[in-house]
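The structure under discussion appears below in the form of structure tokens.
2 protein chains.
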Amino acid sequence: MSTVRVTEMLSAAVHEDPRRTKSRARVLAAAVELLREDGLSGLTIEAAAARSGVAKTTIYRQFADRDELHLSAVNSVGCHVPVAYTVDLVADIASFCTGLNTVLRDSDFGALLSTAVDGAERSESFAAMMHDVGVQRRQLLSERLRGAVSDGTLPHDVDLEVLIGQLVGPLFYRRFISRQATGPTFVARLVSSVLTPLVDPARASSGSGARPRSAR
Amino acid sequence: MSTVRVTEMLSAAVHEDPRRTKSRARVLAAAVELLREDGLSGLTIEAAAARSGVAKTTIYRQFADRDELHLSAVNSVGCHVPVAYTVDLVADIASFCTGLNTVLRDSDFGALLSTAVDGAERSESFAAMMHDVGVQRRQLLSERLRGAVSDGTLPHDVDLEVLIGQLVGPLFYRRFISRQATGPTFVARLVSSVLTPLVDPARASSGSGARPRSAR
DNA sequence: CAATTTCGATACGCTCCCGTAGCGAAACTG
DNA sequence: CAGTTTCGCTACGGGAGCGTATCGAAATTG
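Sequence order for the protein chains is A and B.
So for the first sequence, our numbering puts the first residue at 2; every next one is plus one.
So for the second sequence, our numbering puts the first residue at 2; every next one is plus one.
See the structure below:
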């Protein structure tokens, strides 16, 4: 459905004037930089013009207002976290969570997401985009987990929406809300805590060392 | 440690001039309204003055700049989610999560939190406050869970930080990041999924109906 | 009641940013 | 190569908001 919008913005229209494409790319790059450095309040049309070297007039030719530029900028930063397919489900998921965690803390995606949270609260377009990007971002993970259900690694009646929430929710929560650290230890314990009872019910019985004592 | 700041702002100093107290309260109330309605960009000193009826000059007498007003406004909205202490741990936690979920979606706290996420990214004070408020907010839940560990309801080696993350993380995530619904069904399944393997390991073995099929 | 504190109101200069207009130059298209 | 499109540049009027200064009125304190 509204995934069309995303595609539409990433790949230019069929045979667009290269000058148009190039100036847009430069403006978006500058917008991302500005958002990284000074947050939402740092993104102004004039600042983007100065930073990108593209004339203010030209920017207005492609973006209606600041919100649209903001939306496009957030949309332009990708979030690609690979998902491995080995025989070890827990290791694959742990790898994914580690990758996601890194992206949230070190990449443009993580930096711009905080500015989008604010925007989504009062803009229908933003809210829709947040939702779409989320769906897209979780797709690989979702497929991996569905595969695990198919081959019997996970119980057939597991709720994937809940499961995914348990895996990625805490990472986002600690990054943006509670602002707590999430080192490798935390990620490992999280994944283990979520998946161990599912993949090997026997281990959920007592203190087996698979569920350690405390995380930092 | 820095919890001092919170207390300091909520309760007025010893024998403060009542005029000062009253005007501050009115300004903060107006600031909360403005943040609710128009987000961070809606909060300006002049708008707060107009809305509250307090003169702009007076506002500057108590708040250094807009950021400080924003910080105080966010700080002024409480987030009190009660935690029950019955013999049924799962029910108690489910009740808490339901309450938290409601607060996130309907209260001032939920509305202002999104503006704070943005601010915390570039302000040390904001980041510290977010952390402190989080600690304070999770305290009751943490105590309840510690009690459950003490009386043997939960295994002694459970990682409370991870556990709490699994419980509240998904609620925040779906509210602010992925913008997905979290109805009563989702909350119930989440709590069940997290706690069932811990409180009653036997039930984690197969499809017992305690881990339903899909959530909306 | 007298001294102190805080208040409201007004006015001000200043900066930043908006969004539009007009132009000739440069780049692209067919 | 001729026509079209996009560009960069400059300039402009206007609004919003900042942060400060001043000053008389009102409330509080002791």
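Glycine included, every Cβ here is placed at the ideal spot set by N, Cα and C.
Residues in its own chain within less than 8 angstroms of Val-33(B) by CB, not counting five upstream and five downstream? Numbered from 1 along the second sequence, position 32 holds the residue referred to as residue 33(B). Cβ within range, chain order: Ala-74, Ser-77, Val-78, Asp-109 and Leu-113.
Interface partners of Ala-128(A) on chain B, CB under 7 angstroms: Along the first sequence, one-based indexing puts residue 128(A) at 127. Under the 7 angstroms cutoff, chain B gives Arg-180.
What does Ser-115(A) touch in chain B if you count any residue whose Cβ is under 8 angstroms from its own? If you number the first sequence from 1, residue 115(A) lands on position 114. Taking the beta carbon of Ser-115(A) as reference, the chain B residues within 8 angstroms of it are Val-118, Asp-119, Ala-121 and Glu-122, listed in sequence order.
Specify the secondary structure class of Gln-181(A) as computed by DSSP and reduced to three states. Working through the first sequence from its first residue, we reach residue 181(A) at position 180. Residue state, collapsed to three classes: coil.
Which residues of the region 166-179 of chain B have a Cβ closer than 8 angstroms to any Cβ of chain A? Give them in chain order. Against chain A - using a Cβ distance shorter than 8 angstroms - the residues of the region 166-179 of chain B are Gly-166, Gln-167, Val-169, Gly-170, Pro-171, Leu-172, Phe-173, Tyr-174, Arg-175, Phe-177, Ile-178 and Ser-179.
Proximal chain B residues relative to Leu-41(A), where beta-carbon distance stays under 9 angstroms: As a working mapping, residue 41(A) is identified with position 40 in the first sequence. For Leu-41(A), the C-beta contacts it makes with chain B under 9 angstroms involve Leu-41, Ser-42 and Asp-119, in order along the chain.
Between the C-alpha atoms of Val-159(B) and Leu-90(B), what's the straight-line distance to the nearest angstrom? Taking the first residue of the second sequence as 1, we reach residue 159(B) at position 158. Taking the first residue of the second sequence as 1, we reach residue 90(B) at position 89. A straight line joining the alpha-carbon of Val-159(B) with that of Leu-90(B) spans about 15 angstroms.
Can you list, in chain order, the residues of its chain with a C-beta nearer than 7 angstroms to that of Pro-171(A)? Leave out the 5 residues immediately preceding and following it. Your numbering for residue 171(A) matches position 170 in the first sequence. Excluding positions up to five away in sequence, the list reads Leu-191.
Can you list, in chain order, the residues of its chain whose CB lies under 7 angstroms from that of Leu-29(A), leaving out five sequence neighbours each side? For the purposes of this step, residue 29(A) is taken as the residue at position 28 of the first sequence. Around Leu-29(A): Ser-73, Ala-74 and Ser-77.
Can you tell which of Asp-107(A), Val-104(A) and Asp-201(A) has its C-alpha closest to the C-alpha of Ala-149(A)? Position 148 of the first sequence, counted from the start, is the residue given in the question as residue 149(A). Looking at the Cα atoms, Asp-201(A) is the closest of the given residues.
Return no unless some Cβ of chain B is closer than 7 angstroms to the Cβ of Gly-153(A). Mapped onto the first sequence, residue 153(A) falls at position 152. False, the Cβ-Cβ gap to chain B never drops below 7 angstroms.
Do Val-118(A) and Ser-179(B) have their CB atoms nearer than 7 angstroms? The residue you call residue 118(A) lines up with position 117 of the first sequence. The residue you call residue 179(B) lines up with position 178 of the second sequence. Contact: no.
Nearest to Ala-85(A) by alpha carbon, out of Leu-146(A), Tyr-61(A) and Val-136(A)? Taking the first residue of the first sequence as 1, we reach residue 85(A) at position 84. The candidate whose alpha carbon is nearest that of Ala-85(A) is Leu-146(A).
Can you round the beta-carbon distance between Cys-98(B) and Leu-168(B) to whole angstroms, since I take them to be within the 8 angstroms contact cut? In the second sequence, the residue the question calls residue 98(B) occupies position 97. In the second sequence, the residue the question calls residue 168(B) occupies position 167. Contact holds; Cβ gap of about 6 angstroms.
Proximal chain A residues relative to Leu-191(B), where beta-carbon distance stays under 8 angstroms: Mapped onto the second sequence, residue 191(B) falls at position 190. Near Leu-191(B) (Cβ distances below 8 angstroms), the residues of chain A are Val-163, Gly-166 and Gln-167.
For Pro-156(A), collect the residues of the same chain with a Cβ closer than 8 angstroms to its Cβ; drop the 5 residues on either side in sequence, then sort them by chain order. Position 155 of the first sequence, counted from the start, is the residue given in the question as residue 156(A). In the same chain as Pro-156(A), and ignoring 5 residues on each side of it, the C-beta atoms closer than 8 angstroms to its own belong to Val-150 and Leu-199, in chain order.
Between Glu-125(B), Asp-107(B), Arg-27(B) and Arg-37(B), which lies nearest to Arg-52(B) when the distance is taken from Cα to Cα? The sequence position of residue 52(B) within the second sequence is 51, counting from 1. The shortest C-alpha to C-alpha distance from Arg-52(B) to any of Glu-125(B), Asp-107(B), Arg-27(B) and Arg-37(B) is the one to Arg-27(B).
What are the start and end residues of each continuous alpha helix (DSSP H) run of 4 or more residues lying completely inside the region 105-191 of chain B, in chain order? Every unbroken stretch of the alpha helix (DSSP H) spanning 4 or more residues and falling wholly within the region 105-191 of chain B is given here in chain order: 109-121, 125-151 and 161-173.
Where Phe-64(A) falls: helix, strand or coil (DSSP): On the first sequence, position 63 is the one that residue 64(A) refers to. Of the three classes helix, strand and coil, the one that applies to Phe-64(A) here is coil, per DSSP.
Taking its Cβ as the centre, do 16 or more other Cβ atoms sit within 10 Å of Gly-111(B), making it buried, or is it exposed? Within the second sequence, residue 111(B) is the residue found at index 110, counting from 1. Residue environment analysis places Gly-111(B) among the buried positions, since at least 16 neighbouring C-beta atoms fall within 10 angstroms of its C-beta.
Looking at Gly-135(B) and Phe-127(B), is the spacing between their C-beta atoms short of 7 angstroms? Stepping through the second sequence from its first residue, residue 127(B) is reached at position 126. Stepping through the second sequence from its first residue, residue 135(B) is reached at position 134. Going by C-beta atoms, Phe-127(B) is not nearer than 7 angstroms to Gly-135(B).
With burial defined as no fewer than 16 other Cβ atoms inside 10 Å of the residue's Cβ, what is the status of Thr-183(B): buried or exposed? Indexing the second sequence from 1 puts residue 183(B) at position 182. Taking all protein chains shown into account, Thr-183(B) has 16 or more neighbouring C-beta atoms within 10 Å of its C-beta and is therefore buried.
Over what stretch of residues does the alpha helix (DSSP H) that includes Glu-38(A) continue unbroken? Reading the first sequence from its first residue, position 37 is the one you call residue 38(A). In this chain, the alpha helix (DSSP H) harbouring Glu-38(A) covers 19-39.
Closer than 7 angstroms by C-beta to Lys-57(A): which residues in its own chain qualify, once you throw out the five before and the five after it? Chain order, please. Sequence index remark: in the first sequence, residue 57(A) carries index 56 (1-based). Hits under 7 angstroms: Ile-46, Glu-47 and Ala-50.
For Ile-165(A), I'd like the list of residues in its chain whose CB is within less than 8 angstroms of its CB, leaving aside the five on either flank, ordered along the chain. Looking up residue 165(A) in the first sequence gives position 164. If the five residues before and after Ile-165(A) are omitted, its C-beta is found closer than 8 angstroms to the C-beta atoms of Arg-139, Leu-142, Ser-143 and Leu-146, all from its own chain and listed in chain order.
Proximal residues of chain B, C-beta to C-beta of Gly-184(A) below 9 angstroms: Position 183 of the first sequence holds residue 184(A). Those do not exist, as Gly-184(A) stays about 11 angstroms from chain B at its closest Cβ, beyond 9 angstroms.
Environment of Gly-40(A) [buried if 16+ CB atoms lie within 10 Å]: In the first sequence, the residue the question calls residue 40(A) occupies position 39. Under this definition Gly-40(A) is a buried residue.
Option nearest Arg-25(B) by Cα separation, candidates Gly-43(B), Glu-69(B), Ser-42(B) and Glu-38(B): Residue 25(B) sits at position 24 when you count from the first residue of the second sequence. It is Glu-69(B).
Would you decide whether Arg-217(B) is buried or exposed? Buried here means 16 or more other CB atoms lie within 10 Å of its CB. Reading the second sequence from its first residue, position 216 is the one you call residue 217(B). Residue placement at Arg-217(B) is poorly supported in this model, since its pLDDT is 48, which falls under 50; the coordinates still yield a value, given next. The residue in question, Arg-217(B), is exposed, as its Cβ has fewer than 16 Cβ neighbours within 10 Å.
Cβ of Gly-135(B) less than 7 angstroms from any chain A Cβ? The count along the second sequence starts at 1 and reaches residue 135(B) at position 134. Residue contact with chain A for Gly-135(B): present (Cβ-Cβ distance below 7 angstroms to some residue of chain A).
Is it buried or exposed for His-71(B), if we count other Cβ within 10 angstroms and need 16 for buried? Locating residue 71(B) in the second sequence gives position 70, counting from the first residue. When all chains shown are included, His-71(B) counts as buried.
Between Asp-93(A) and Phe-173(A), what straight-line distance do the alpha-carbon atoms span, to the nearest angstrom? In the first sequence, counting from the first residue as 1, residue 93(A) sits at position 92. In the first sequence, counting from the first residue as 1, residue 173(A) sits at position 172. So the alpha carbons of these two residues sit roughly 19 angstroms apart.
List the whole-angstrom C-beta distance separating Arg-176(A) from Leu-105(A), where the pair is believed to meet the contact cut-off of C-beta under 8 angstroms. Numbered from its first residue, the first sequence carries residue 176(A) at position 175. Numbered from its first residue, the first sequence carries residue 105(A) at position 104. That belief holds up - the Cβ atoms of Arg-176(A) and Leu-105(A) are roughly 5 angstroms apart, short of 8 angstroms.
What residues from chain B crowd round His-132(A), counting only those whose CB sits closer than 9 angstroms? The count along the first sequence starts at 1 and reaches residue 132(A) at position 131. Residues of chain B passing the Cβ test: Ser-179, Arg-180 and Gln-181.
Going by alpha carbons, who is nearest to Ser-42(A) out of Ser-194(A), Arg-67(A), Asp-152(A) and Arg-62(A)? The residue given as residue 42(A) occupies position 41 in the first sequence. If we check each option's Cα against that of Ser-42(A), Arg-67(A) comes out closest.
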